[in-house]
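Residue numbers (full-length UniProt numbering): 1 to 174.
Positions of the beta carbon are idealized from the N, C-alpha and C atoms, including for glycine.
Keep in mind it's a predicted model, so treat the numbers as computed, not measured.
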Amino acid sequence: MDRGRRAIPTLNKHTDTKYYQKCQEIHQKKLLSIKSTINNSEPHRPVHFGRNLKKEQLKEERYAEIDRENRILLEKMEQIMQNETGEFKPSSSVRYGHSLNKDLRKRQLHKITQENQAILNRIQMQTPTYDHLQWEEDARQNQKIARNISEFASTKPKDGNNDRRRVTPDDSFL
Numbered sequence: 001m002d003r004g005r006r007a008i009p010t011l012n013k014h015t016d017t018k019y020y021q022k023c024q025e026i027h028q029k030k031l032l033s034i035k036s037t038i039n040n041s042e043p044h045r046p047v048h049f050g051r052n053l054k055k056e057q058l059k060e061e062r063y064a065e066i067d068r069e070n071r072i073l074l075e076k077m078e079q080i081m082q083n084e085t086g087e088f089k090p091s092s093s094v095r096y097g098h099s100l101n102k103d104l105r106k107r108q109l110h111k112i113t114q115e116n117q118a119i120l121n122r123i124q125m126q127t128p129t130y131d132h133l134q135w136e137e138d139a140r141q142n143q144k145i146a147r148n149i150s151e152f153a154s155t156k157p158k159d160g161n162n163d164r165r166r167v168t169p170d171d172s173f174l
């Protein structure tokens with residue numbers, strides 16, 4: 001059993017109690033005035049990180065584009081309102097129903113087709129670097145040499161069925 005401070009003998013209980021209370025008060029004051037050794041504060045952030053300048057720039061550009069489109073629409077509305085007949089006549093420069101780049105794309109496609117045809121002709125006219133007939137002849141010669149120098153005679157099945165093995169009486173496993 002832990003007897004705490006009663007384990008130490010004292011001459012006067014009253015002075016010992018007062019001393020103990022004084023020590024407790026000092027301890028409590030120290031606990032209140034303690035500073036943390038761990039810094040839990042938010043790290044310093046540079047000022048330029050606070051504002052997202054690129055985002056602001058994109059927003060301003062978008063607003064400028066919207067203002068420009070609104071101005072164009074307003075001018076068109078003014079033209080409609082100033083027209084005496086009240087009918088809207090679209091300008092002759094506006095044409096719908098076909099692509100403006102159709103001719104350009106046709107010319108580019110024709111040019112690419114001609115280039116591809118020229119490349120194909122050059123490839124077909126080129127003589128091959130490797131002679132496949134010579135390769136086949138070399139392969140036959142190599143097989144002939146291999147048959148001549150081999151220790152065991154190579155046997156090929158005559159019926160073309162090489163999946164089954166013929167059992168003969170001279171086989172060692174019988």
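query                                                                                                                             : result
Express the C-alpha separation of I72 and E42 in angstroms, rounding to a whole number.                                           : 50 Å
To the nearest angstrom, how far is the alpha carbon of E136 from that of Q114?                                                   : 37 Å
Consult DSSP for Y130 and reduce its assignment to one of helix, strand or coil.                                                  : coil
Measuring only the C-alpha atoms, how far is H14 from I34?                                                                        : 30 Å
Apart from the five residues on each side of it in sequence, which residues of its chain come closer than 7 Å, Cβ to Cβ, to Q124? : none
I'd like the span of the alpha helix (DSSP H) that includes H14, first residue to last.                                           : 13-32
Do you know offhand how far Q28's Cα is from T17's?                                                                               : 16 Å
Which residue marks the beginning of the alpha helix (DSSP H) containing E65, and which one marks its end?                        : 53-82
Would you kindly work out how many angstroms separate the C-alpha atoms of Q82 and E69, rounded to a whole number?                : 20 Å
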